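Below you'll find the structure, written out as structure tokens, and then a few comments.
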């Protein structure tokens, strides 16, 4: 358990450092582009925007670290439930009609033997309803942790997302204007400022996509728990107490889903990315129509 936590913390820090290094390189290349085009005075004054962008990136990475922590803990609960499913005996109906059928994720089943080794190193889940209730308690504690995360980061992520959305519209408008020749430049640098604006646009998009991707991984583990419990109740020969405990656990997961939101205004999921993309395209078209 200690080695697993150390490895997870090391992986989280490594991912954050690599993402921060890539985004810092994009910011430095963007600064060089504006130095060549507008000289030194204007970019130095405008460098405050880069500081705010760095603050937004660090805030988003901080939230991503907490989300990854929730994902790892929820995945451990899902692995325990899945190991319980694989170790239980099939009922007679399942043996006749569903023999050798794999209705769960094949990738999860392929990792069964590796999972079995890791489960024995952590804790063996027996066919005891007290163990299932203990998992319900762990899940309830995770929901409380998510509520604290939403309360601490919700409003900040809302402001960051709105700021990144405005930046994406602005950078798209600037790059298109430079490419079509409607933007006057102090020096003849070709399309280099447009490419620089596109890189900043991609940086803003990468920040939001990275955050939403981690949230969707958490939602996948939540759905996986419900799927395994459904197959366990239908296909496995369980006692009455274990079945009731599993149903209570499933109701808890459905009634108290783990969701990350921005101050209760928007939920962080793939639908948010589609909405942001549509807003960027719409306002870019509106701004480009004003080009003389």
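In the working numbering, the protein residues as written are 123 to 414.
Glycine residues also receive a C-beta, built at the ideal position from the N, C-alpha and C atoms.
Source: prediction; values computed, not measured.
Counting C-beta atoms within 10 angstroms of its own C-beta, residue 382 has 16 or more neighbours from the protein chains shown and is therefore classed as buried. Its chain contains 336, 337, 340 and 382 as the residues whose beta carbon lies nearer than 7 Å to that of residue 189, once the 5 sequence neighbours on both sides are disregarded; these appear in chain order. Beta-bridge pairing by DSSP links residue 383 to 389. Residue 360 is not a Cβ neighbour of residue 260, given a cutoff of 9 Å. Here residue 290 is near residue 327, since their CB atoms are less than 9 Å apart.
Taking a contact to require three or more Cβ pairs closer than 8 Å, the region 315-322 and the region 341-358 do not qualify as touching. Put simply, the region 387-407 does not touch the region 197-209. Fewer than three CB pairs are less than 8 Å apart. Under DSSP, no beta-bridge partner is assigned to residue 178.
Remark: fewer than three beta-carbon pairs, one from each stretch, lie closer than 8 Å, so the region 164-180 and the region 258-276 are not flagged as touching. Nearest neighbour of residue 380 by Cα position, chosen from 186, 269 and 171, turns out to be 269.
Rounded to whole angstroms, the gap between the alpha carbons of residue 351 and residue 251 is 13 Å.
Nearest to residue 370 by alpha-carbon distance, out of 186, 285, 254 and 292, is 254. No residue range can be given for residue 378, since it is assigned to no alpha helix (DSSP H) and is classified by DSSP as neither H nor E. The continuous alpha helix (DSSP H) containing residue 285 extends over residues 251-302.
Its Cα nearest to that of residue 349, the residue 375 stands out among 168, 258 and 375.
Nearest neighbour of residue 401 by Cα position, chosen from 198, 294 and 344, turns out to be 294. With at least 16 other beta carbons inside 10 angstroms of its own, residue 343 counts as buried.
Of 183, 404, 378 and 334, the smallest CA-CA separation from residue 266 is found for 378.
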